[in-house]
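Student:
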Amino acid sequence: MRTPKQLTPLSAIASGLAAGLVGTVCMDTVRFLRQRRSGGERNPLRWEFAPVRTWKEAPDPGQVGKRLIEGFTQRELPDTAAWPVSTLMHWSYGAVYGALYGVVAGSVRKLPSGVYGVPFGAAVWISGYITLPIAGLYEPIWKYDRKTLTDDLGPHLVYGAATGTVFWILGKARTVSVRTHSNG
639 MRTPKQLTPL SAIASGLAAG LVGTVCMDTV RFLRQRRSGG ERNPLRWEFA
689 PVRTWKEAPD PGQVGKRLIE GFTQRELPDT AAWPVSTLMH WSYGAVYGAL
739 YGVVAGSVRK LPSGVYGVPF GAAVWISGYI TLPIAGLYEP IWKYDRKTLT
789 DDLGPHLVYG AATGTVFWIL GKARTVSVRT HSNG
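To convert a position in the sequence shown, counted from 1, into this note's numbering, add 638.
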């Protein structure tokens, strides 16, 4: 039996999806500011939604999406699909990982605080270094230097912290609403 402080499975997933999207914005903000400091693009929207003209230019999320779609449809995707597939996959990763966080965090008796998002962000980071080498998109983790790994880990920790915090805020708002309605 659920206590008034627990979220329903559906609200945990929905809150996780929303939290994951906010986490993705925060992660991308860290990456944008980093590239801007090094003299890169000054417009955040132009940076976030930069054109991807060919599949050779497509980032890893786009490459995974291409493989999934081509495997399912048994048709080769044209280069014109590289940008929308890459963008959709990037945002989908953030949302789906957030939903997974929501399922786990929403299943515990007491709503976890936002700090639990930090180890979650590290888990998301390491999952890429497990799955992407299997897919042939990354080298094994031991082939990267410390700077590359820490530069990649930082934004993932921000993603996790933001996802965990937003999930906690949404969960608190939901449980307060449930208690108010059940008392009134």
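Glycine included, every Cβ here is placed at the ideal spot set by N, Cα and C.
Have a look at V804, L795, L770, G658 and flag the residue whose alpha-carbon is nearest the alpha-carbon of G703.
Tutor: Of the listed residues, the one whose Cα sits closest to G703 is L770.
Student: P778 and R669 look like a contact to me (Cβ under 8 Å); what is the Cβ gap, rounded to whole Å?
Tutor: Not a contact, Cβ separation roughly 23 Å.
Student: Spatial neighbours of D856 within its chain, please: C-beta separation below 7 Å, excluding the five flanking residues on both sides.
Tutor: This structure gives no information on residue 856, because the portion of the chain shown stretches from 639 to 822.
Student: Just to confirm, are A720 and W693 a CB contact at a threshold of 7 Å?
Tutor: A contact, by the Cβ cut-off of 7 Å.
Student: As a quick exercise: from L683, N681, G700, pick the residue whose alpha carbon is nearest that of V690.
Tutor: The shortest Cα separation from V690 among L683, N681, G700 belongs to G700.
Student: Would you check if the distance between the CB atom of A737 and the CB atom of G678 is smaller than 7 Å?
Tutor: No, these two residues do not count as a Cβ contact at 7 Å.
Student: Rounded to a whole number of angstroms, what is the C-alpha to C-alpha distance between L749 and R680?
Tutor: Looking at the two C-alpha atoms, the distance is approximately 39 Å.
Student: Should W780 be labelled buried (16 or more other beta-carbon atoms within 10 Å of its own) or exposed?
Tutor: Exposed.
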